Amino acid sequence: MIRHISVNHSATSKDESLYKELFELIDFDERDKIKNVHRKIFNQNCPIVSIGMYYIDYEAWGRIFFIDILVDFQILFSKYNEDSYTYENFINLLYKAYQDLFNKNIADRLIEKQNMFCTYVEFISFVKTENSNDVINHLKKYNFQNQQLDINEFENYKLKNASITFTVNAVEKNTIRLCAKCPNTAIKKLFKITGLEHVSAQEVFNKDVIADILEKQIYKYTRPERLEIFSKSNILKGI
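Mind the numbering: the sequence shown is residues 15 to 253 in our numbering, read in order.
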């Protein structure tokens, strides 16, 4: 399953009007601008967490406009009463969210699958166990940092650079949450993308791939041991 995903819509100079219309529609605060990126954060109940807008001048292609939108996956699916976490449903619900937040004209022009790629994603799995606290205590003998296992540090713990931030938390008495927070460079490495190419949003919805990524992440800390509770099959059940 996905917790958060950031999708990026790109537009060439031919579509500059879309960029300008959306920019004027959003009440950006100059104080939130970082370098050349204008950013807007929305309220907590909105499936759209934030939007960033910027452009880059390329020698080969000219000016390319980018619209980077961070989506709370679970709020999105819950708001529109959908519980089948497929890419097709994601696109349909994202379209509805764009309509609600912006307007139909903007939504129609933003939802173009061929130019939507993923710049950030958080993969999660909820693994069932008899006693989640016992599992967390057992994991402390391996190479985890305390923050990785402390649910109170979940939002604060973050690795620098392009590394995957991986956490294991007891979220309920019988449930462990695995979470891999993947920035853009890490996503490209996971999907073996190089250069200026990007990973399409559709590619990160493959459950088998997500389970494989999470299994490899936990093995990095427990190796040479492989824990049965975190086998790929168990992780897959929780996605």
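We put the beta carbon where it would ideally sit given N, CA and C, even for glycine. All values reported here derive from a predicted model rather than from experimental measurement.
Task: Backbone secondary structure at leucine 84 - three-state DSSP - done: The count along the sequence shown starts at 1 and reaches residue 84 at position 70. Note: leucine 84 maps to strand in three-state DSSP.
TODO: Indicate whether leucine 115 and isoleucine 81 have their beta-carbon atoms separated by less than 8 Å.
DONE: On the sequence shown, position 101 is the one that residue 115 refers to. On the sequence shown, position 67 is the one that residue 81 refers to. No. Outside cutoff.
Open item on the list: For asparagine 175 and serine 24, what's the separation of their Cα atoms in angstroms?
Closed with: Taking the sequence shown and counting its residues from 1, one reaches residue 175 at position 161. Taking the sequence shown and counting its residues from 1, one reaches residue 24 at position 10. Looking at the two C-alpha atoms, the distance is approximately 24 Å.
TODO: Over the uninterrupted beta strand (DSSP E) stretch that includes phenylalanine 137, give me the two end residues.
DONE: The count along the sequence shown starts at 1 and reaches residue 137 at position 123. Going by DSSP, phenylalanine 137 is part of the beta strand (DSSP E) stretching over 130 to 142.
Task: Three-way DSSP call (helix, strand, coil) for arginine 77 in this model - done: In the sequence shown, residue 77 corresponds to position 63, counting from 1. Strand.
- [ ] Figure out for me which residue from Arg237, Arg123, Ile249 and Glu186 has the closest Cα to the Cα of tyrosine 33.
- [x] Locating residue 33 in the sequence shown gives position 19, counting from the first residue. Of the candidates Arg237, Arg123, Ile249 and Glu186, the one whose C-alpha sits nearest the C-alpha of tyrosine 33 is Arg123.
- [ ] Can you grab the Cα-Cα spacing for the pair lysine 246 / tyrosine 94, in whole Å?
- [x] The residue given as residue 246 occupies position 232 in the sequence shown. The residue given as residue 94 occupies position 80 in the sequence shown. One C-alpha to the other measures close to 30 Å.
Task: As assigned by DSSP and simplified to three states, the class of serine 245 - done: Translated into positions along the sequence shown, residue 245 becomes position 231. Coil, per DSSP.
Task: First and last residue of the uninterrupted beta strand (DSSP E) at lysine 54 - done: Counting from one through the sequence shown, the residue named residue 54 turns up at place 40. Taken as a continuous stretch (DSSP letters only), the beta strand (DSSP E) holding lysine 54 covers 52 to 55.
Task: Simplified DSSP state of glutamate 169, which is helix, strand or coil - done: As a working note, residue 169 is residue 155 in the sequence shown. It is coil, neither helix nor strand.
TODO: Could you pull out every residue in the same chain whose Cβ sits closer than 7 Å to the Cβ of lysine 221, ignoring the five residues on either side in sequence?
DONE: Indexing the sequence shown from 1 puts residue 221 at position 207. Closer than 7 Å at the Cβ level, and outside the excluded window around lysine 221, lie Leu250 and Ile253.
Open item on the list: If distances are taken between C-alpha atoms only, which option among Ile125, Ile16 and Asp41 comes closest to valine 85?
Closed with: In the sequence shown, counting from the first residue as 1, residue 85 sits at position 71. Ranking Ile125, Ile16 and Asp41 by Cα distance to valine 85 puts Ile16 first.
Open item on the list: Runs of 4 residues minimum, wholly inside the region 178 to 246: which ones carry the alpha helix (DSSP H) assignment?
Closed with: Correct list: 198 to 204 and 221 to 236.
Open item on the list: With DSSP as the reference, identify every bridge partner of aspartate 71, one or two as the case may be.
Closed with: Counted from its first residue, the sequence shown places residue 71 at position 57. Per DSSP, Arg77.
Task: Residue burial classification, asparagine 166 (beta-carbon count within 10 angstroms, cutoff 16) - done: What you label residue 166 is simply residue 152 of the sequence shown in a count that begins at 1. Exposed, since its Cβ has fewer than 16 Cβ neighbours within 10 Å.
- [ ] Using a threshold of 8 Å, state whether the C-beta atoms of tyrosine 233 and tyrosine 156 are closer than that.
- [x] One-based indexing of the sequence shown puts residue 233 at position 219. One-based indexing of the sequence shown puts residue 156 at position 142. Cβ distance not < 8 Å, so tyrosine 233 and tyrosine 156 don't count as in contact.
TODO: In angstroms with no decimal places, state the Cα-to-Cα distance between phenylalanine 244 and serine 98.
DONE: On the sequence shown, position 230 is the one that residue 244 refers to. On the sequence shown, position 84 is the one that residue 98 refers to. Between the alpha carbons of phenylalanine 244 and serine 98 lies a distance of about 24 Å.
Open item on the list: Based on DSSP bridge pairs, tell me the residues matched to serine 98.
Closed with: For the purposes of this step, residue 98 is taken as the residue at position 84 of the sequence shown. None; serine 98 has no bridge partner.
Open item on the list: Tell me which residue opens and which closes the alpha helix (DSSP H) that asparagine 22 is part of.
Closed with: Here residue 22 is taken as the residue at index 8 of the sequence shown, counted from 1. According to the DSSP assignment, asparagine 22 belongs to no alpha helix (DSSP H) but to the beta strand (DSSP E) extending over 16 to 25.
Open item on the list: Rounding to the nearest angstrom, what Cα-Cα distance links asparagine 145 and lysine 187 in this structure?
Closed with: Taking the first residue of the sequence shown as position 1, residue 145 is located at position 131. Taking the first residue of the sequence shown as position 1, residue 187 is located at position 173. Between asparagine 145 and lysine 187, the C-alpha separation is close to 6 Å.
Open item on the list: I'd like to confirm the pairing. Which residues does DSSP put opposite serine 92 in its beta bridges?
Closed with: Mapped onto the sequence shown, residue 92 falls at position 78. Bridge partners of serine 92: none, in fact.
Task: Beta-carbon contacts of asparagine 103 that lie in its chain and below 7 Å, excluding the five residues immediately before and after - done: Here the question's residue 103 lines up with position 89 in the sequence shown. Hits under 7 Å: Glu96.
Task: lysine 202 versus isoleucine 19: straight-line alpha-carbon distance, rounded - done: What you label residue 202 is simply residue 188 of the sequence shown in a count that begins at 1. What you label residue 19 is simply residue 5 of the sequence shown in a count that begins at 1. If I take the Cα positions, the gap works out to 14 Å.
Task: Burial state of valine 51 (16 or more Cβ within 10 Å) - done: To locate residue 51, count along the sequence shown from 1; it is residue 37. Valine 51 counts as exposed, since fewer than 16 other C-beta atoms from the protein chains shown sit within 10 angstroms of its C-beta.
- [ ] Determine the direct distance from the alpha carbon of cysteine 132 to that of serine 214, and round the result to whole angstroms.
- [x] As a working note, residue 214 is residue 200 in the sequence shown. As a working note, residue 132 is residue 118 in the sequence shown. A direct Cα-Cα distance of roughly 6 Å separates serine 214 from cysteine 132.
TODO: Could you tell me the distance, in whole angstroms, from the CA atom of lysine 172 to the CA atom of valine 141?
DONE: Here residue 172 is taken as the residue at index 158 of the sequence shown, counted from 1. Here residue 141 is taken as the residue at index 127 of the sequence shown, counted from 1. In a straight line, the C-alpha of lysine 172 is about 22 Å away from that of valine 141.
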